[in-house]
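If you're matching them up, the sequences are chains L and Y in order.
Using numbering that gives the first Met the number 0, you'd call the opening residue of the first sequence number 0 and step up by one each time.
Using numbering that gives the first Met the number 0, you'd call the opening residue of the second sequence number 0 and step up by one each time.
To start, the structure under review is shown below, and the notes come after it.
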Amino acid sequence: MSEVNKSTVAVIDYGMGNLHSVAKALEHVADENTQVVVTSDPAVIDAADRVLLPGVGAIRDCIGEMHNTGLVPSIRKAMAEKPFLAICVGIQSLMSHSEENGGVDCLNHFQGNALFFGENHTDHDGSKLKVPHMGWNQVKQTIQHPLWQGIPDQARFYFVHSFYVIPDEQTEVAGTCDYGLEFCVALARNNVFAVQFHPEKSHKDGLQLYKNFIHWDGKP
Amino acid sequence: MGLAKRIIPCLDVDNGRVVKGVQFVDIRDAGDPVEVAKRYDEQGADEITFLDITASSDDRATTVHMVEAIASQVFIPLTVGGGIRTCDDIRRMLNAGADKVGINTAAVFNPEFVREAAQRFGSQCIVVAIDAKKVSAEGETDKWEIFTHGGRKPTGLDAVEWAKKMVDYGAGEILLTSMDRDGTKNGFDLGVTRAISEAVHVPVIASGGVGNLDHLVDGVTHGKADAVLAASIFHFGEYSVQEAKQRMADAGIEMRL
């Protein structure tokens, strides 16, 4: 339950792993007027001021658990009306489709697909690149956005993923990264922002992004 | 521009204290794990590895509390290894705030455990730790074998083949320690590092033997490692993580500075 005058950030718990780091990082940057709640209760999500959708693991399990826990309507409702941030597999879950696990239909909030880098992924010079893309890479901010505030362009964030998103609509791309190819790592539309990297593992720039989210009014 | 190579300070923790032994004996105290982790975080460490080397299982609760304390204050990836034998062990560490777990001996005795863990939790959090020793004689083709029990027990498993098998089973990363070099300060075993890094498509962390900053550079440039792990050069204040990263950047390696 929300205390009077407190703003609530709901971290959606749909049974997919480690929410501890996400919640701890949000709490670390939250002021006394903000409370962070990890929840699987649709009523709490519906009542929250802001919603964060985390995600780890395989996409089929992620989407499956979102449906099994009955949280999809609350997720869609939150995306329609309040500041909403999706991270890592969360961004992939918002696409139309992912080619992981033999092909999985996702939530189709952003039109486009999640594709595999491939086990024979190579750099621009033909040298072999490791998959998963794991570690700290530079993020080019392709638009100005309140969630990028105070974060230098080309700042490094921590990534660990083997699939990447290609949105149909280029104007929704908010950031890109280079790993053998330039690919989308942040998407923005109205009150929804989604990133492929892990802000909670990305030291001060990641914490700044969470701080921006806590203060974001949902306007682009 | 691109993905940076990583420096990973390693905390070998025994009974709640950071220690570092020379070839796993002669243990020296290097402080409180939470304080040490915070120091490395401030110095710009790219990740932290927490290795529980406590012999008895009685102190697992202590480890969980320490992992919780570190994860609440340090916002970079945290790997926890040592004594990970079941999916419940993994779940406990992930719930405490670990991002990845290192599986070592349990993988050797039950490779299916790696497959099960990767399916359950995702490859991204399964690091298979390999302790290798060179077993070929001078003049023979290089050959390295997997050892368990702190390098005392041979297994007959070829290190390169084993690494490939572990990746097929779902390992998302390989932490490779040379038991010949660990604690010696003579540098990584670059031969086995390169052989494994070139044989698998997942990242390889080189470990064992770092005595100076050039060894870290060599691990990446000659060993083809994606990340380098070191303990004692940082614990006893010889070098800071920041100095190490600068040195690697000066050598032309992509680093997060």
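Note that beta-carbon positions come from the ideal geometry of N, C-alpha and C, so glycine has one too.
According to DSSP, is residue i helix, strand or coil?
i, result
"residue 157/L", "strand"
"residue 82/L", "coil"
"residue 102/Y", "strand"
"residue 49/L", "strand"
"residue 202/L", "helix"
"residue 132/L", "strand"
"residue 182/L", "strand"
"residue 7/L", "strand"
"residue 187/L", "strand"
"residue 266/Y", "Residue 266/Y lies beyond the range of chain Y shown here (0 to 256); nothing can be said about it."
Who are the near neighbours of residue i in its chain, counting only those whose CB is closer than 7 Å to its CB and skipping five residues on each side?
i, result
"residue 204/L", "150, 154 and 156"
"residue 1/L", "With a pLDDT of 48 at residue 1/L, under the threshold of 50, the predicted position of this residue should be treated as unreliable, though the coordinate-derived value follows. Closer than 7 Å at the Cβ level, and outside the excluded window around residue 1/L, lie 7 and 46."
Candidates the options: which alpha carbon is nearest residue i's?
i, options, result
"residue 146/Y", "116/Y, 109/Y, 123/Y and 103/Y", "103/Y"
"residue 242/Y", "224/Y, 15/Y, 212/Y and 70/Y", "212/Y"
"residue 214/Y", "229/Y, 43/Y, 186/Y and 200/Y", "186/Y"
"residue 164/Y", "178/Y, 16/Y, 180/Y and 199/Y", "199/Y"
"residue 75/Y", "98/Y, 170/Y and 124/Y", "98/Y"
"residue 162/L", "21/L, 147/L, 109/L and 133/L", "133/L"
"residue 21/L", "211/L, 200/L, 219/L and 215/L", "200/L"
Using the C-alpha atoms, what's the distance from residue j back to residue i?
i, j, result
"residue 19/L", "residue 4/L", "25 Å"
"residue 135/L", "residue 239/Y", "19 Å"
"residue 29/L", "residue 61/Y", "28 Å"
"residue 186/L", "residue 193/L", "5 Å"
"residue 168/L", "residue 231/Y", "50 Å"
"residue 179/Y", "residue 158/Y", "14 Å"
"residue 175/Y", "residue 203/Y", "7 Å"
"residue 22/Y", "residue 182/Y", "Confidence is the limiting factor: at residue 22/Y the pLDDT is only 48, short of 50, which leaves the residue's position unreliable, though a coordinate-based value still follows. Taking the straight line from one Cα to the other gives about 5 Å."
"residue 81/L", "residue 48/L", "7 Å"
"residue 6/Y", "residue 173/Y", "15 Å"
"residue 143/Y", "residue 135/Y", "7 Å"
Kindly list the residues whose CB is nearer than 6 Å to the CB of residue i, restricted to its own chain and excluding five residues on each side of it in sequence; keep chain order.
i, result
"residue 33/L", "6 and 213"
"residue 112/Y", "105"
"residue 219/Y", "4 and 252"
"residue 210/L", "28"
At least one CB of chain Y closer than 8 Å to the CB of residue i: is that the case?
i, result
"residue 136/L", "yes"
"residue 131/L", "yes"
"residue 205/L", "yes"
"residue 113/L", "no"
"residue 177/L", "yes"
"residue 157/L", "yes"
"residue 24/L", "yes"
"residue 20/L", "yes"
"residue 37/L", "no"
Does residue i come within less than 8 Å of chain L when only Cβ atoms are used?
i, result
"residue 167/Y", "no"
"residue 241/Y", "no"
"residue 75/Y", "yes"
"residue 2/Y", "yes"
"residue 109/Y", "no"
"residue 5/Y", "yes"
"residue 201/Y", "yes"
Is there at least one non-hydrogen atom of the ligand FAD closer than 7 Å to the beta-carbon of residue i?
i, result
"residue 227/Y", "Ligands displayed in this structure: none; no statement on the ligand FAD is therefore possible."
Quick one: list the residues of chain A neighbouring residue i, beta-carbon separation under 9 Å, in chain order.
i, result
"residue 96/Y", "Protein chains L and Y are contained in the structure displayed, whereas chain A is not."
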